[in-house]
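Heads up: the sequence shown is residues 1 to 286, going by full-length UniProt numbering.
Quick reminder that beta carbons are idealized off the backbone N, C-alpha and C, glycines included.
Predicted model, so just to flag it, every value in this text is computed and none were measured.
Input: a single structure, listed below in structure tokens.
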Amino acid sequence: MRIWFQGEPGAFSEAALRRLAPEAEPVGLPTFFAVFEALDRDPEGVALLPIENAYAGTVVDVLNGLVADARLAVRLETSHRVELALMGPPGLRLEEVRRVRSHPQALMQSRGFWSARGWQMEVASDTAGSARELAEARWPGVAAIAARSAAERYGLEVLVDHIEDHDDNRTRFWLVTRAGAHPGLAEAWAGADGLPVVGWKTAVVFDAPNLPGSLMRALQPFAERGINLSKIQSLPRPHVPFAFRFWIDCEERDLSPVLPDFAARVEGYRILGSFPVVRPEPEPGA
């Protein structure tokens with residue numbers, strides 16, 4: 001099975017995909033927009049997309065892409081440990097570095113390291129792409145931030161390993177398909193025949209009235225039924241300036257008992273998916 005991810009060979013998304021489904025064929029695309037375009041064209045398309053880093057926060061482009069297309073559904077969640085390395089062309093010394101290139105998420109996750117040295121940042125489309133571009137261009141005084149495997153793949157030398165600001169730096173990924181496509185896909189990779197399932201989630205986006213206490217009233221049915229919310233985030237509402245909608249992750253597989261009461265308190269909602277959360281095999285060094 002072909003599964004799309006954003007990035008180039010050596011990207012963290014590819015590594016997460018290979019750990020989730022070693023038998024799958026990873027296909028990298030240059031941008032998140034390109035991944036959503038592919039899902040738009042192919043009713044049987046499958047993609048693995050990063051949704052949130054534990055420290056840099058939500059990957060907004062991915063969330064917006066999911067919310068914008070009501071045909072899409074989240075089928076499974078996994079996570080991946082993100083270990084960042086500073087790398088450069090052979091012969092580049094650490095004291096010669098003046099600029100660092102990488103994906104915005106990687107730059108945020110290692111800001112403490114490079115900003116303390118007074119270096120300038122340059123944004124690239126993805127971590128592995130920044131390594132490949134540097135290997136080809138060999139810009140003076142420029143280093144890339146990516147996985148150690150990207151240095152090996154593109155012939156760069158690691159100048160400093162583990163430059164992430166937090167040792168437990170992790171990103172969670174969502175497996176996305178059209179709703180109804182590939183029946184049994186999540187079950188094949190989760191549970192008795194696949195990776196250990198550590199829980200279930202249901203992701204919901206909704207619009208609440210712009211009134212005092214409306215968010216509290218919308219969420220009250222979840223609290224009354226003992227459903228924990230592991231994520232709450234506001235999002236700009238399209239075509240309504242400075243109005244917001246909300247995204248919540250509920251630690252519950254079946255929301256049917258709460259939905260009638262919830263629906264009566266909001267202006268509209270959509271379930272992005274109810275899905276298992278799997279724990280891949282321990283990562284090297286984890």
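For residue i, which of helix, strand or coil comes out of DSSP?
| i | result |
| --- | --- |
| residue 190 | strand |
| residue 284 | Confidence in residue 284 is poor, its pLDDT being 48 and thus under 50, which makes the residue's placement unreliable; the coordinate value appears in the next sentence. Reduced to three states, the DSSP call for residue 284 is coil. |
| residue 255 | coil |
| residue 242 | coil |
| residue 277 | strand |
| residue 88 | strand |
| residue 18 | helix |
| residue 211 | coil |
| residue 217 | helix |
| residue 226 | coil |
| residue 95 | helix |
| residue 112 | helix |
| residue 138 | coil |
| residue 260 | helix |
| residue 23 | coil |
Please name the residue or residues paired with residue i in a DSSP beta bridge.
| i | result |
| --- | --- |
| residue 249 | 203, 231 |
| residue 53 | 57, 171 |
| residue 78 | 173 |
| residue 47 | 4, 176 |
| residue 121 | 100 |
| residue 130 | Residue 130 pairs with nothing; no bridge assigned. |
| residue 270 | 205 |
| residue 143 | 100 |
| residue 28 | 5 |
| residue 236 | 244 |
| residue 160 | 86 |
| residue 73 | 177 |
| residue 195 | 190 |
Measure from the alpha carbon of residue i to the alpha carbon of each residue in the options, then state which is nearest.
| i | options | result |
| --- | --- | --- |
| residue 207 | 148, 226, 263 | 263 |
| residue 265 | 218, 160, 252, 224 | 218 |
| residue 90 | 136, 54, 233 | 136 |
| residue 224 | 261, 234, 116 | 261 |
| residue 141 | 188, 150, 99 | 99 |
| residue 300 | 96, 130, 95 | The chain is shown only over 1 to 286; residue 300 falls outside these bounds and no answer can be derived. |
| residue 186 | 20, 110, 58, 209 | 20 |
| residue 204 | 67, 188, 41, 146 | 67 |
| residue 201 | 274, 122, 118, 241 | 274 |
| residue 270 | 245, 40, 240 | 245 |
| residue 96 | 107, 163, 120, 155 | 120 |
| residue 12 | 83, 41, 57 | 83 |
Assuming residue i contacts residue j (C-beta within less than 8 angstroms), just tell me the rounded distance between them.
| i | j | result |
| --- | --- | --- |
| residue 34 | residue 1 | Going by Cβ atoms, the distance from residue 34 to residue 1 rounds to 19 angstroms, so no, they are not a contact pair. |
| residue 249 | residue 230 | 5 angstroms |
| residue 8 | residue 132 | 6 angstroms |
| residue 113 | residue 161 | With a Cβ gap of about 11 angstroms, residue 113 and residue 161 do not count as contacting. |
| residue 369 | residue 197 | Not covered by the structure: residue 369. The range shown for the chain is 1 to 286. |
| residue 272 | residue 74 | 5 angstroms |
| residue 143 | residue 88 | 4 angstroms |
State yes or no: is the beta carbon of residue i nearer than 8 angstroms to at least one beta carbon in chain D?
| i | result |
| --- | --- |
| residue 190 | Going by chain labels, chain D is absent from the structure shown, which holds only one protein chain. |
Is there contact here, the region 16 to 24 with the region 74 to 92, by at least three beta-carbon pairs under 8 angstroms? yes
Quick test of the definition: if touching needs 3 or more C-beta pairs under 8 angstroms, does the region 35 to 45 touch the region 158 to 178? yes
Does the region 155 to 170 touch the region 62 to 76, meaning 3 or more C-beta pairs lie closer than 8 angstroms? no
Segment contact flag, the region 124 to 137 with the region 179 to 188, C-beta cutoff 8 angstroms, min 3 pairs: no
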